[in-house]
Amino acid sequence: MGSFINFPPLPSWPWRITWAYLGLVLFLPIGGMALKAANVGASQFWLLATTPEAIATYKVSFGLAFVAALINGLFGLIIAWALVRCEFPGKRLLHALIDLPFALPTAVAGLALSAVYSTNGWIGAPLFALLGVKVSFTWLGVAIAMVFISLPFVVRSVEPVLEALEVDQEEAAWCLGASQRQTLFKIVLPQLSPAILSGVAQGYSRAVGEYGSVVMISSNVPFRDLITPTLIIQKLEEFDFNGATVIGMVMLIFSLFSLIVINGLQVWGRNWEANPSS
Amino acid sequence: MKKFIPIIACLYVGLVIVVPALNVVAGAFTKGLSPFIENFKSEDLQHAIRLTLILTAIAVPANTIFGLAAATAIARRQFRGKALLLSIIDLPFSISPVVVGLMLVLLYSPSHGLFGGVVKALDLKIIFAWPGMAMATILVTFPFMAREVIPLLEEEGWEQEEAARTLGANSWQVFWKVTLPSVRWAALYGLILTTGRALGEFGAVAVVSGNITGLTQTLPLFIEDAYKQYQTELAYGAAMVLGGVAILTLLSKILLEKYISNHKINP
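Taken in order, these protein sequences are the chains called A and B.
When you line the first sequence up against numbering that gives the first Met the number 0, it's residues 0 to 277, in that order.
When you line the second sequence up against numbering that gives the first Met the number 0, it's residues 0 to 266, in that order.
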């Protein structure tokens, strides 16, 4: 009876279902692709992973996603600040709207962005008339789509940390004569940095892998605005299975790597909250 | 400076999210309500809607069972590698949907797949057919349920389950009468998120489906196709349907968040 209380009965069936399901649905496909990639051979793998065409897509996907993640790092912080620290009409609506990029199917997002930023769209037309800038069907459009889909991450990771921050510290700094800028950079931002970084990393990882919204706003021309996921699809359509496997493997390795980084950042954030001096 | 923060926040969200969203609504109804309804007489659109619903009807129950099983198995046990297992469950969120589709093609394609021989011998149709598309949908959406339920189960103690057990309930009864009711709102939210994503999944399904109009075309694929063929109104009409689903997801999130926080204060 004593052991019964200390050790809750092992939920053996749920445990088995979990592993069987994970094995069938997740591990099998990942393992299959790794095996296919291993069969390609190291030198051939390197060759296929670094063709000029592939490298051009990495520049678009990884480069523009980075820009998008940075933009959302800044604006995500501002939005989180507005939601936690400010009172203004429409705050609840803003709060709800932040999640729209999560909820909106990517095909709809792609359609909407592509139309709005095209040269006769609501935003694209004035941009084109005034500045001569084309957004849809150029790399700028790709960047906009990436900004759209990675917008919620920083807001959602910073919000709870900002809510938990004690205003006392800021007031203390303030009373001791620190300027607004000093308080922001020496007191507030250091405490938010793990949350900001983890939000930026999540947004980056999502933007790199995004397909649906980007493919609709991009002209999908190699060496111009073709993203890596679209290149994989093109390779498959040309029945170049080895090429597709290798580039897919590059993206999978990136996903695993970014997952580790994001987890590390989150652990750091939790430790930071528990013991800010470390 | 402080005054400007909400203004900047609203302007940014307006430019990036609100204007494009309103554009879809405006685009769907440019010629009024009746052409919008007329769109739905398109047989290809009807077929796409039906296929999307079928895929969702397969993926959601499967993932609900997995999610609840994983949550009850993982949440209340402490073991080495628990954090790792939780990140593994989250993995589909960080893998590009296109790579998910590619992985399935590399397994089940009759010509190049790892199981190609078996698929050929049994004359199964998995790639370019609904079974592969269902697998893709399942793979992309399975983390939602576990993710919503696990934190809640971790927070709540074991006491009620223990009481039920000492009173002679078996595991199944404990699950149905104690565990599930205590996490019902989180589970419902997980269900809604899974459904929303399953209805809207694009990349993974696109790779596996071959995108054959009237055969393996889902609603999101239909939108892309119609837009590319300059059937803009048809595309907007279909987008309106999926957009409506997204709005419903958001609304239920707001409502359920309220329910969950009330439930925590006053269970």
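All C-beta atoms in this analysis are idealised placements derived from N, C-alpha and C, irrespective of residue type, glycine included.
Less than 9 angstroms divides the Cβ of residue 96 of chain B from the Cβ of residue 208 of chain A. At least one beta carbon of chain A lies nearer than 9 angstroms to the beta carbon of residue 108 of chain B.
For residue 150 of chain B, the enclosing alpha helix (DSSP H) covers residues 142 to 154. With its beta carbon less than 9 angstroms from one in chain B, residue 109 of chain A belongs to the interface. In the DSSP assignment, residue 80 of chain A falls within the unbroken alpha helix (DSSP H) covering 63 to 84.
A contact between stretches requires three or more CB pairs, one per stretch, nearer than 8 angstroms, and the region 61 to 72 of chain B fails this requirement with the region 210 to 221 of chain A. At a C-beta separation below 7 angstroms, residue 37 of chain A has no neighbours in chain B, since its nearest C-beta there lies roughly 12 angstroms away.
Just so you know, the alpha carbons of residue 120 of chain B and residue 106 of chain B end up roughly 15 angstroms apart. Rounded to the nearest angstrom, the gap between the Cα atoms of residue 178 of chain A and residue 1 of chain B is 14 angstroms. If you compare the alpha carbons of B:35, B:101, B:239 and B:84 with that of residue 232 of chain A, the shortest gap goes to B:101. When CB distances to chain B are screened at a threshold of 7 angstroms, the residues of the region 245 to 265 of chain A falling below it are 247, 250, 251, 254, 257, 258 and 262, in chain order.
Burial check for residue 20 of chain A: the Cβ neighbour count within 10 Å reaches 16 or more, so the residue is buried. Per DSSP, residue 121 of chain A lies in no alpha helix (DSSP H) segment and is marked neither H nor E. Contact residues of the region 110 to 126 of chain A toward chain B are 110, 111, 112, 113, 114, 115, 116, 120, 121 and 122 (C-beta to C-beta distance below 9 angstroms).
Residue 29 of chain B and residue 59 of chain B have their C-alpha atoms spaced approximately 35 angstroms apart.
Residue 164 of chain B is classed as buried because its beta carbon has at least 16 other beta carbons within 10 Å across all chains shown. Considering only A:92, A:273 and A:164, the residue with the shortest C-alpha distance to residue 84 of chain A is A:164. By a beta-carbon distance limit of 8 angstroms, residue 169 of chain A does not contact residue 157 of chain A. Their separation comes to about 16 angstroms. The alpha carbon of residue 162 of chain A has as its nearest neighbour, out of A:42, A:253, A:76 and A:58, the alpha carbon of A:76. Using a CB distance cut-off of 9 angstroms, residue 41 of chain B does not count as an interface residue toward chain A. Pairwise C-beta distances place the region 178 to 195 of chain B out of contact with the region 215 to 228 of chain B, as fewer than three of them are shorter than 8 angstroms. Close partners of residue 11 of chain B in chain A (Cβ separation under 8 angstroms): 74, 77 and 78. If you ignore the 5 residues before and after residue 55 of chain A, its C-beta comes within less than 6 angstroms of the C-beta of 222, all in its own chain and listed in chain order. Cα atoms of residue 117 of chain A and residue 123 of chain A: separation of roughly 5 angstroms, rounded to the nearest angstrom. In terms of Cα proximity to residue 71 of chain B, the closest of B:147, B:57 and B:115 is B:147. Put simply, the backbone Cα of residue 84 of chain B is about 44 angstroms away from that of residue 173 of chain A. Counting along the chain, residue 11 of chain B sits inside the alpha helix (DSSP H) bounded by residues 3 to 12.
Contact between the region 144 to 159 of chain A and the region 59 to 79 of chain A is present, with at least three C-beta pairs closer than 8 angstroms.
Contact check for residue 139 of chain B against residue 197 of chain B passes: the beta carbons are separated by less than 9 angstroms. By the rule that beta-carbons nearer than 9 angstroms mark a contact, residue 122 of chain B does not touch chain A.
With a contact defined as Cβ atoms closer than 8 angstroms, residue 259 of chain B and residue 184 of chain B qualify at about 5 angstroms.
For residue 111 of chain B, the C-beta contacts it makes with chain A under 7 angstroms involve 240, in order along the chain. For residue 193 of chain A, there are no C-beta contacts with chain B under 8 angstroms, since the nearest C-beta of that chain is about 16 angstroms from it.
Annotation for residue 29 of chain B: no alpha helix (DSSP H) segment contains it, and DSSP assigns it neither H nor E. Put simply, the region 20 to 35 of chain B does not touch the region 207 to 217 of chain B. Fewer than three CB pairs are less than 8 angstroms apart. Contact of residue 258 of chain B with chain A is not assigned, every C-beta pair being separated by 9 angstroms or more.
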